Amino acid sequence: METVLVEDVLHRFLLERAGVRGALVRLGPAWREVAGRADYPAALRGLLGEALAASALLTANIKLDGELSVQLKSAGALRLLFAECTDQGRLRGLARWESPLPQPLSLEALPQAVMAITIGNVERGRRYQGLVELRAPDLAGVLENYFAQSEQLPARLVLAADGEHAVGLMLQKLPDEGGHGAVQDEDAWTRVMHLTATLGAAEMLAVTPEQLLYRLYHEESVRLFEPRPLAFGCSCSRERVAAMLRSLGRDEVEATLDAQDGHIEVDCEFCAQRYRFDRVDAEHLLRDAGATGASGTA
Ligand SMILES: [Zn+2]
11 METVLVEDVL HRFLLERAGV RGALVRLGPA WREVAGRADY PAALRGLLGE
61 ALAASALLTA NIKLDGELSV QLKSAGALRL LFAECTDQGR LRGLARWESP
111 LPQPLSLEAL PQAVMAITIG NVERGRRYQG LVELRAPDLA GVLENYFAQS
161 EQLPARLVLA ADGEHAVGLM LQKLPDEGGH GAVQDEDAWT RVMHLTATLG
211 AAEMLAVTPE QLLYRLYHEE SVRLFEPRPL AFGCSCSRER VAAMLRSLGR
261 DEVEATLDAQ DGHIEVDCEF CAQRYRFDRV DAEHLLRDAG ATGASGTA
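Everything in the sequence shown is counted per the numbering used here, starting at 11 for the first residue and increasing by one.
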């Protein structure tokens, strides 16, 4: 195996003999940046960590130009969950909730819940969105169903998070194409599933990617690709906040200026960056509205 980074990294690998491709993500500092931004109850913090790990895993085998996000909204105590990974390996995420959260926090029990995976480029306005049915209690199960439906290939996900680390493992059975030199062995997928089933959340959180792959698949001829570094990062900008203010309209912007001593302050919820606009700034951005026709989200 090649050099393996230990934290904030995405590894792609191939179990060549078994015809299975995989990805493994281990987040340390990047996850702690996200987890530390709110006083999350343990169950929700776990779910947010799993979603962040999953957002990185889902970028492993696609050609991404822009961002991939996993977003969940519900009418229940868990209002919003959002996790995003960009093509530059920048991760961010947050959740909004009301106490008390249901125990256990089951995804399929959330009222009027909608989950979506969005792949696209905000700047260039190209987006693909897939709705994910919430037919399992946990995120890994929900995403396995999504893969089975959208790609028609069996997939297995293992996700885990605590206050220190968020980790994820994804396995996908490659289509039986033949002629690629891969020995198609009938029982290979089942065998890999059995090996993977021996993996507990505690172990997954404790060991490095190299240890984990060796421990699980040392008899499966693992081919490890160049690791991809990940980091916490936010795509917010003054221009995006200005676009959001423009979309509110002149009346609301002026009312806010009047109410707040002639300035507007917007704090990014992901990274806490503060954007400040005074009356002159506001006049500029409102005047730009007609010229650019820009709209945006913050
Ligand atoms: Zn930000």
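We put the CB at the ideal spot given by N, CA and C, even for glycine. None of the values given here were measured: they were computed from a predicted structure.
Closer than 8 Å: residue i CB and nearest ligand 1 heavy atom
| i | result |
| --- | --- |
| Q283 | yes |
| R102 | yes |
| F280 | yes |
| S65 | no |
| S116 | no |
| C95 | no |
| S109 | no |
| S245 | yes |
Rounded C-alpha distance that separates residue i from residue j
| i | j | result |
| --- | --- | --- |
| L149 | T96 | 20 Å |
| S65 | Q270 | 38 Å |
| N155 | A265 | 47 Å |
| R106 | R27 | 44 Å |
| M214 | T206 | 11 Å |
| G178 | G56 | 12 Å |
| M203 | R166 | 8 Å |
| A61 | V232 | 26 Å |
Counted within 10 angstroms of its Cβ, other Cβ atoms place residue i as buried (16 or more) or exposed
| i | result |
| --- | --- |
| K183 | buried |
| R134 | exposed |
| T200 | exposed |
| H228 | exposed |
| E230 | buried |
| G140 | exposed |
| Y138 | exposed |
Residue i - DSSP class collapsed to helix/strand/coil
| i | result |
| --- | --- |
| Y224 | helix |
| G29 | coil |
| S79 | strand |
| A93 | strand |
| H21 | strand |
| N71 | coil |
| G191 | Its pLDDT being 48, under 50, G191 is placed unreliably in this model, and the coordinates cannot settle the point. |
| V263 | helix |
| H175 | coil |
| Y50 | coil |
Beta-carbon separation (whole angstroms), residue i vs residue j, contact threshold 8 Å
| i | j | result |
| --- | --- | --- |
| L209 | L226 | 6 Å |
| L111 | L144 | Actually they are not in contact, since the Cβ atoms of L111 and L144 sit about 16 Å apart, beyond 8 Å. |
| A123 | S84 | 4 Å |
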